[in-house]
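Q: There's a structure below that I have some questions on.
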Amino acid sequence: MQGDKLEGSFTIEAAFIMPIIIITIITLIYMTFYLHDMTYLQSVANNTAMKGAQSLKYIDVDMNTMNINYENINNRFIYWRNTNLNHRRGDLKSHFNNQIKNKLFQVQAKDITVYTEIESKGLNKYLKVDAIAEFRTPFNFISQILNGGKTIHIQVSSKAILPDQQEFIRTVNLIEYVLNNYTIFDGLVEKYNDVLSQIKNQF
């Protein structure tokens, strides 16, 4: 009789414990999916920013093969640097979407929104790539556990400088010419040289 009570006690305890164990295992599995998809999306954002910056430098570059169309470059507008480079954002988004096909565990391509922007800071321009994705699961308790019942999102961001050493050198030469040939800027020459020394010391 005592053995029957003990067995019944184990059955009741198992009825409480097993659902918790199952929920924990499922949650851990989907957390693994989340980390995988987040890591992969970050690598795609990095790749898109890097290749996009290269393509925007030359204006006419195949994003997938990185082949440069030099004929079109030679025929381009002389002041192409002053044009709005944001018009190529469609190419960047297409490149991003092509890289994630059948590569993510849980996130669907239709649930990903990609933003691209050209930022100017000082003498440099940067390509910024942001992506926000909804992480959907068939189990409501996962969003309850991980995000208080709200939709789970994955957000990644990457930034790459648009390499344009030639323009940078021309700009520096222009600054030096103005400082050295106009007496009104005499007081700025020493400060300018100090800044150059600080930049050199970083390399």
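Residue 183 is where the sequence shown ends in our numbering, and the numbering goes up by one at each step. Here a beta-carbon is modelled for each residue, glycine too, at the ideal position from N, C-alpha and C.
#1: Quick one: any contact between the stretch 8 to 18 and the stretch 81 to 88, if contact means 3 or more CB pairs under 8 Å?
#2: What does the Cβ neighbour count give for residue 75, buried or exposed, with the cut at 16 atoms within 10 Å?
#3: What residue does the beta strand (DSSP E) around residue 121 start on, and which one ends it?
#4: Once DSSP output is grouped into helix, strand and coil, what is the label at residue 105?
#5: Quick check on the DSSP output: the beta strand (DSSP E) that includes residue 136 runs from which residue to which?
#6: Which word fits residue 122, buried or exposed, when buried means at least 16 other C-beta atoms lie within 10 angstroms of its C-beta?
#7: Looking at C-alpha atoms only, which residue of 140, 81 and 27 is the closest neighbour of residue 92?
#8: Would you say the beta carbon of residue 170 is closer than 7 Å to some non-hydrogen atom of the ligand MG?
#9: Between residue 27 and the rest of its own chain, which residues show a CB-CB distance below 8 Å, the 5 nearest in sequence each way excluded?
#10: Check whether the stretch 119 to 137 and the stretch 97 to 107 are in contact - that is, three or more C-beta pairs closer than 8 Å.
#11: Using only alpha-carbon positions, find the residue among 126, 137 and 3 that is nearest to residue 95.
#12: When burial is assigned at 16 or more other CB atoms within 10 Å of the CB, is residue 9 buried or exposed?
#13: Can you look up residue 94 in the DSSP assignment and give me helix, strand or coil?
#14: Three-state secondary structure (DSSP) at residue 5?
#15: Hey, how far is the Cα of residue 133 from the Cα of residue 111?
#16: Can the beta-carbon of residue 168 be found closer than 8 Å to that of residue 176?
#17: Considering Cα atoms alone, identify which of 131, 98 and 101 is closest to residue 115.
#18: Just the C-alpha distance for residue 21 and residue 157, rounded to the nearest angstrom, thanks.
A: Reading off the structure:
#1: Between the stretch 8 to 18 and the stretch 81 to 88, the count of C-beta pairs closer than 8 Å reaches three or more; the two stretches touch.
#2: Residue 75 comes out buried.
#3: Premise fails: residue 121 lies in the alpha helix (DSSP H), 120 to 127, not in any beta strand (DSSP E).
#4: Three-state DSSP puts residue 105 in a strand.
#5: Element bounds for residue 136: 132 to 141.
#6: So residue 122 counts as buried.
#7: The shortest C-alpha separation from residue 92 is found at 81.
#8: You won't find the ligand MG in this model; it holds no ligand whatsoever.
#9: 79.
#10: The stretch 119 to 137 vs the stretch 97 to 107: no contact.
#11: Checking every option, the nearest Cα to that of residue 95 belongs to 137.
#12: Here residue 9 is exposed: its Cβ has fewer than 16 other Cβ atoms, across all protein chains shown, within 10 Å.
#13: In the three-state DSSP reduction, residue 94 falls in the strand class (E or B).
#14: In the displayed model, residue 5 falls within a helix according to three-state DSSP.
#15: When rounded, the distance between both Cα atoms is 10 Å.
#16: Between residue 168 and residue 176, the CB-CB gap reaches or exceeds 8 Å.
#17: Relative to residue 115, the option among 131, 98 and 101 whose CA is nearest is 131.
#18: Linking residue 21 to residue 157 through their CA atoms gives a straight-line distance of about 46 Å.
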